[in-house]
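**Q**
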Amino acid sequence: MQYVLYGDQIIKRDQASIDMEDRGYNFGDGIYEVVYIYGGKPFSMEEHFKRFAESAAKLEMKLPYTLETIIDLTVKLIDANKIHNGIVYIQMTRGASPRNHLFDRESSCLITGFARKMDPPVQAQENGVKTYLTEDIRWLRCDIKSLNLLGNTMAKRKAADHGCHEALQHREGTCTEGSSSNLFIIKNGTLYTHPATNLILNGITRQHILTIANEENVDVTEQAFTTDDLLEADEVFISSTTMEIAPVIAVTGDKKGTYPIGPITRFLQKKLKEKINQPTVLN
Ligand SMILES: *Cc1c(COP(=O)(O)O)cnc(C)c1O
């Protein structure tokens, strides 16, 4: 039996229903978070819900409960579904109202969520992934983890159609990020990633990697790089909650290149695993 979060209630999935005029359904007017659960424990949950509150504030949405309550409800949802390894997905829409572009700042938002079992993608972490480089066609507020993901889903579809696991996006030759992951390159021992501006989603995993790099004296700079820099990189990897760190072994699409899985990528993978407190599965 799958249990879901609906408002402040944990209910059976088949008892949940969404209004035809929920603004999330009509406009994609809402936000979300995905948290990984390792051995029954959510990782970095406070950081995820801090970002959830920031996304809400940027869209002028009012949280219906305190963050503390939302976190408690999320834990209840994980427990109700007896998740050992998996993800919990929490979203908030601006709720139901007669369809109109004009939103009401005071409207009562609807929080829903589900949890599901999922094993960490060990294959991708060990052997790396192929990626497809394509134009970033998204809007200019990519810093908000919003439900509007058409640019992302179109890019992901294109990547899959070319046998690739993830899309890498660029704006007129400047690399931004993946469709649901952040992008890093290493050149001459220095780690580069796009700064946390409106053009990327500032991943929690990305932030952990930057902290680890600073702690471990890996040279790091939050500086945008070009698609040519990407091709000439010594190592490339992507990061996200569900992937952790996945080495990139190939780029195809707008430019083409291949990469070895390098020592700095392996080192950061190992340190991130330690932070998660999972036994390492990597060589
Ligand atoms: C969620 C997301 C990421 C990764 O963020 P994490 O907090 O590390 O999971 C990167 N890019 C986009 C577009 C995302 O939606």
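Read in the UniProt record's numbering, the sequence shown has 63 at position 63, and its numbers run on one by one without any break. Just so you know, even glycine gets a beta-carbon here, dropped at the ideal spot from N, CA and C.
Quick check on residue 182: does DSSP put it in helix, strand or coil?
**A** Assigned with DSSP and collapsed to three states, residue 182 falls in strand.
**Q** Where does residue 239 fall in DSSP's three states?
**A** strand
**Q** How would you call residue 15, buried or exposed, if buried means at least 16 neighbouring beta carbons within 10 angstroms?
**A** exposed
**Q** Quick check on residue 197: does DSSP put it in helix, strand or coil?
**A** Per DSSP, reduced to three states, the secondary structure at residue 197 is coil, with no helix or strand assignment.
**Q** Quick one: what's got a C-beta closer than 8 Å to residue 65's C-beta in the same chain, skipping five residues either side?
**A** 8, 73 and 111
**Q** I think residue 242 touches residue 87, with their Cβ atoms under 8 Å apart; what is that distance to the nearest whole Å?
**A** With a Cβ gap of about 6 Å, residue 242 and residue 87 count as contacting.
**Q** Are the stretch 156 to 164 and the stretch 197 to 210 in contact at 8 Å, needing three or more beta carbon pairs?
**A** The stretch 156 to 164 is not in contact with the stretch 197 to 210.
**Q** If you reduce the DSSP assignment to three classes, tell me which class residue 107 lands in.
**A** coil
**Q** Since residue 146 sits in a beta bridge, which residues does DSSP pair it with?
**A** 31
**Q** For residue 151, I'd like the list of residues in its chain whose CB is within less than 6 Å of its CB, leaving aside the five on either flank, ordered along the chain.
**A** 137 and 138
**Q** Does DSSP put residue 281 in a helix, a strand or coil?
**A** Only weak support is given to the placement of residue 281: the predicted model assigns it a pLDDT of 46, under 50, and the question is left unresolved by the model.
**Q** For residue 25, which option in 219, 145, 80 and 95 has the closest C-alpha, if you only look at C-alpha atoms?
**A** 95
**Q** Please classify residue 134 as buried or exposed, where buried requires at least 16 neighbouring CB atoms within 10 angstroms.
**A** buried
**Q** Can you tell me which residues form a DSSP beta bridge with residue 170?
**A** 135 and 175
**Q** Nearest-angstrom Cα distance between residue 147 and residue 214?
**A** 32 Å
**Q** Kindly list the residues whose CB is nearer than 7 Å to the CB of residue 174, restricted to its own chain and excluding five residues on each side of it in sequence; keep chain order.
**A** 224 and 226
**Q** Taking C-beta to C-beta, are residue 245 and residue 207 nearer than 9 Å?
**A** Between residue 245 and residue 207, the C-beta spacing is not below 9 Å.
**Q** Taking 9 Å as the cut-off, decide whether the C-beta atoms of residue 140 and residue 199 are in contact.
**A** Yes, these two residues count as a Cβ contact at 9 Å.
**Q** Where does residue 246 sit, in a helix, a strand or coil, going by DSSP?
**A** strand
**Q** Per DSSP, residue 42 is paired with what?
**A** 37
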